[in-house]
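Residue numbers (my numbering), protein chains in the order written: chain Z, 5 to 267; chain X, 11 to 451; chain W, 19 to 392; chain G, 105 to 459.
To keep things clear, I will list the structure first and then write my remarks on it.
Below is the structure:
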């Protein structure tokens, strides 16, 4: 097992003192960490630790009551999800959130939505600029389809695909946006070894080839320690550890949390 | 696959039916379509009317062997009082029989409006007896429309005349409040123009109050009436709306004898459901009232004694049943009139139109037909497609309708200018040619 | 000004109780099965027609003979279909005792229905209590037929498909009811008082008008609402119903039979329809038009929430009062201001009221706050 | 063996993105249009035109409009009748008051645009209100618009009865008068509108609608703006519906009152969309055909077989059978007639060797 050791200097996103609660239930308490440009950052923690809530805060779906997020040098306390998308943040979901009535191709094409600008008029004619634009983006999407090796399911409605493939399509949709920051919420949950290996390969390739910064949530410790540059650990909505994988492995608080030592 | 086959088979049957719907027909028959409703929200009033119409045609066939030997072929189509269904019925039936439909009775003001546009093209006259477009009595513009026996403007005028008479003259109406509770459709809106005109002339305060189809929800309307205390309430309702209005009037304590319904709000199904609450309620009469007359004896002899009547014999004296008889009779006599010119054979709509326009029923002829006491003589002309504008007022005494007034004639000094103006506007909007009636024979 | 205002308010509230009653029928079914049952209005009509025709003497037998034959045929076919389904199920399961009891129950209900029809056409008026009891049995049968023939085959379909299916049921019932019982206006005589009462004649000129018929109707409706609320809170089946409403799958996993629950719910809302039909019919006469009162209950539903019993009650009162007050006081101002051809705003005003309210509280009056998750 | 796509290879993305990528489909559709244009006028009777073909085409267009909203964007609306009324009355007022615009194409497009504007207005609540709550809320527009056209006298040119009529309809000097002319005009309009609708739903706007329909939260997170997307759907949908309303008024009725666009019309068109198939343009046509034909056929069926039946019983039976057929179809194929068609095509592809 080789620990990747790369050095990253430039901070892409910094979370400062985030607290989030639903009614009286505290989901996150005073969380701070940063994500640096080009790295693969993992968020881990037991079930209910607040990992997904953290991602939801980052891409503007939840609005934390306290704290702020600095992204690309701009500090803000909240933003709308589509603003986050416009800023180059794309993500996948823990429970697959594909558009079930649409084909694989169309799903991935939706990832290009922010780059497709032709108005109603040309769209209605499907001619001239609209057609040129469609073909241009189709080309980009076909590259992603090739990259993810899903050519054969191009025209199949995603509702009919097996779980593993759906996860892959969802990754494709996020990639289609050519994000600067890619949030992956348990990309390998429920997969067999083979599928996991494929997915790891894709994640690493994305990071290497496109230089995309990735923040992922994952339960499989082996995978996390293998591919991530730095890891942050949450438990009961609090941060209990932050560092390179080797540090985390030795962190007593983390070990306790995973072994269920009472607080 | 079995399902697909069944579906295909069904489609094939339907297609075949639609294309060969007009099968073999006897040649010496005059086809008359019946746009009626025996179902839906307006069925209580539609059924007796439809029965009267059907019985009269049957009577003519049974008793006289048709109109001068030309048998009447009558076919009903249920419109449910809906305009698009009515138009569909019309289109379906207009071409039937050897010469197509002789004329059409839409039995709905909305359908009348729609068919008014189609009549000149199809050359089929529209008889809207006691309903329809008020300005359509002007035959120079509305060549194909015949609002025989009276329009809504006539009805409203007759009611106002009756009220004025009771008050002691139109000048006594000054400062009085008159409310119109109306069915929210072209039917209910028709009288508003005349009542506004009368209000301007005599200085009474006129308020129209709409009731939404089908008219079972009138609480707010009657609370307003109670709070504004009008002197008179006119009712332009149809179907269940009529009885509901009377019930609500009773519930807010509005005196029923100050309520005047149009002739479509003055039949047995309108007052019976309100039971005691309807006592004292007035309604205009489209000339005829309830009761059995000469023609009913023939109906009994030729139809009901042989078990061929559509209704029950005791119901044949009801207001709407009688109106059905009158309606059918006027059509039959129009065809008879036209036969004098065109020969005793099935006639086209265009020929029948001439017959309606030249219809002239004298008192003697009415007696012969068994309608004495139901109708006054009438004469239709190019200028006047209404034929007559006479009416009376009746009152429900708790068990039956009693005629409480003498004959009124709607005042043409008021009506004629309005008709002319409205007809002119219609002709201009539609860019229609206007006939010169003085040149018609 | 106060007198007319109070009077209108009272009139509106009393009407509102009746809206609540119709809305309640919707809520019961939506809660337990997620079906937006548009046939509720048709059920009201069907129940009212049945009572009216059973309790009133049928005078024109000849005219109805044709319909009777047709109706008997349709009823027979319907029963045969239901019977066939039950028999098939019975065979497939090797014949459980439960199924046998259902078959028995079914034939009993069928016999009651058939007997009712035959008796009504043959002799004449039934006493009111018997007519109501027979109608209740018929509504139960109807619920059974709907559950067996329609709902069972549409389990797990999207809401809108189920909604459309109930529209189909509504068409069927409208036609069926009129075939069976005719299209005239029929009377239901509950002996409701008809003469208006005037309260506080000393305080307000002319007094405050209260329609005693409305008052009695409102009391009956209120009692019914309370009984239903108790039924939900206190009885075993009521608790099962609430469990199903919360989570279908979970309820099934703890052994609550879903089909049985649906049957009960549809029967209960059939009975609610019966009560609504009885009251509306006594007020207005029974005729096809009362199937349209379903539309009146819809703004109540969005205001009160599709799943809330108290919402239906309070929503009904607000809508009833709101529409009457708007019609009496707001409409004349609008008419004058904009030179309109008459008022009649109550039809859309109720919807607008509910809509504006929803913009501020999308979950309705008593609904729980929605937390969105991904 | 006739319906085979094997051997048809796409060499460009453009070719793959055609409306009908399979050659046989293209031929079939062109044949249908050609038949409707050339063959139908050879034999059609007036009844076939005015009561079957014209209503079918106009209501298909309305169904396409509603399908965009309900089937593609997932927003259930019961206000279709109201939007048709907007189209009809807007077109009427332009026709009446601006004599220069006496051109049906201009008049209809104006009707559509006004309807789109009103659609946007009533679409705003869809941001906060969802599902059946939205469906019932759209009834507010239905009842309000019905009321508006019955009450504001200017809109009906102060006609005493509130019923308005049009005459002298023409487009670019072509007088559209006889049923055949009306049919051909409507056919042309509907074909163009269908192509436009197809272009929209297969492009990125269509994908944005479907994304909102399938999962609105995820759609927002990947960058779609929910309000803008929904309002586009409301606008486009109302545009089509408004044109259909104007056509219904001008070319079907000739004279009409607000009742022609009441809530029953809304339900009728929703039926077409559901029975035909949500999210399928073909389904809109199939559904319209089914809903237009079924009552007419049911009403006349006994007559064709010489069965004499009382009018009342006939009407009641029509209600019952219609209701039962709706339920039956929903049970057999909840995804609509379009899915049945697709299954049939699938079978045809394998025929005559099903394995």
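Where a beta carbon is used, it is the ideal one built from N, C-alpha and C, also for glycine.
Small disclaimer: the values here were computed from a predicted structure and weren't measured.
Contact between residue 275/G and residue 208/G is confirmed by a C-beta separation of about 4 Å, below the 8 Å threshold.
The continuous stretches of alpha helix (DSSP H) do not include residue 148/X, and DSSP gives it neither H nor E. Close partners of residue 432/X in chain G (Cβ separation under 9 Å): 263 and 264. Under the Cβ criterion of 7 Å, residue 232/G is not counted among the residues facing chain Z. Inter-residue distance for residue 60/Z and residue 35/W is about 45 Å (C-alpha atoms, whole angstroms). Within chain G, 403, 415, 416, 418, 419 and 422 have C-beta atoms less than 9 Å from the C-beta of residue 88/X, given in sequence order. Setting aside the 5 residues that flank it on each side, residue 288/X is surrounded in the same chain by 256, 266, 281 and 406, each with a C-beta closer than 7 Å to its C-beta; the list follows chain order. Note that the C-beta distance between residue 297/W and residue 235/W is below 7 Å.
Distance from the Cα of residue 46/Z is smallest, within the candidate group 150/Z, 197/Z, 243/Z and 112/Z, for 243/Z.
For residue 93/X, at least one C-beta of chain G is nearer than 7 Å to its own C-beta. Not a single CB atom of chain Z sits nearer than 7 Å to the CB of residue 343/G. Proximity of residue 115/G to chain X, defined by a Cβ-Cβ separation below 7 Å, is not satisfied.
Inter-segment contact for the segment 192 to 206 of chain Z and the segment 167 to 182 of chain Z is present: three or more beta-carbon pairs are separated by less than 8 Å. Judged by beta-carbon spacing, residue 55/Z lies beyond the 7 Å limit of residue 186/Z, meaning their Cβ atoms are not closer than that value. Straight-line measurement puts the Cα of residue 327/W at about 20 Å from the Cα of residue 269/W.
At a cut-off of 7 Å between C-beta atoms, residue 358/G counts as an interface residue with respect to chain X. Residues of the segment 188 to 222 of chain Z with a Cβ closer than 9 Å to any Cβ of chain G: none. Taking C-beta atoms under 8 Å as the contact rule, residue 175/G and residue 382/G qualify, at a distance of about 4 Å. Residue ranges of uninterrupted alpha helix (DSSP H) with 4 or more members, entirely inside the segment 114 to 190 of chain X and ordered along the chain, are 119 to 132 and 162 to 177.
Within 7 Å of the CB of residue 317/G, no CB atom of chain W is found; the nearest one sits about 11 Å away. Taking a C-beta distance under 7 Å as the contact criterion, residue 305/X and residue 269/X do not qualify as a contact pair. Using beta-carbon distances, residue 286/G does not count as an interface residue toward chain Z, since no partner is under 7 Å. Taking residue 311/X as reference, the option from 72/X, 49/X, 39/X and 60/X with the minimal CA-CA separation is 72/X.
Distances from the alpha-carbon of residue 179/Z to those of 12/Z, 96/Z and 37/Z put 96/Z closest.
Annotation: residue 39/W has no Cβ neighbours in chain X at a cutoff of 7 Å; minimum Cβ distance is about 15 Å.
In the structure shown, residue 354/G adopts helical secondary structure according to DSSP, grouped into three states. For residue 348/W, same chain residues with a beta-carbon under 8 Å away, outside a window of 5 residues either side, are 363 and 367 in chain order. C-alpha of residue 83/X to C-alpha of residue 342/X: approximately 12 Å in a straight line.
For the pair residue 354/G and residue 122/X, the Cα-to-Cα distance works out to about 17 Å. In its chain, beyond the 5 residues on either side, 192, 224 and 227 have a beta carbon closer than 8 Å to the beta carbon of residue 200/Z. For residue 21/Z, the enclosing beta strand (DSSP E) stretches over residues 15 to 26.
In this structure residue 307/X is exposed. Its beta-carbon is surrounded by fewer than 16 other beta-carbon atoms within 10 angstroms. Annotation: Cβ neighbours of residue 256/G in chain W (cutoff 9 Å, chain order): 356, 357, 358 and 359.
DSSP, read as helix, strand or coil, puts residue 199/Z in helix. Residue 43/X places its beta carbon less than 7 Å from that of residue 103/X. Scanning chain G for C-beta atoms nearer than 9 Å to the C-beta of residue 197/W yields 416, 417, 420, 421, 423 and 424, reported in chain order.
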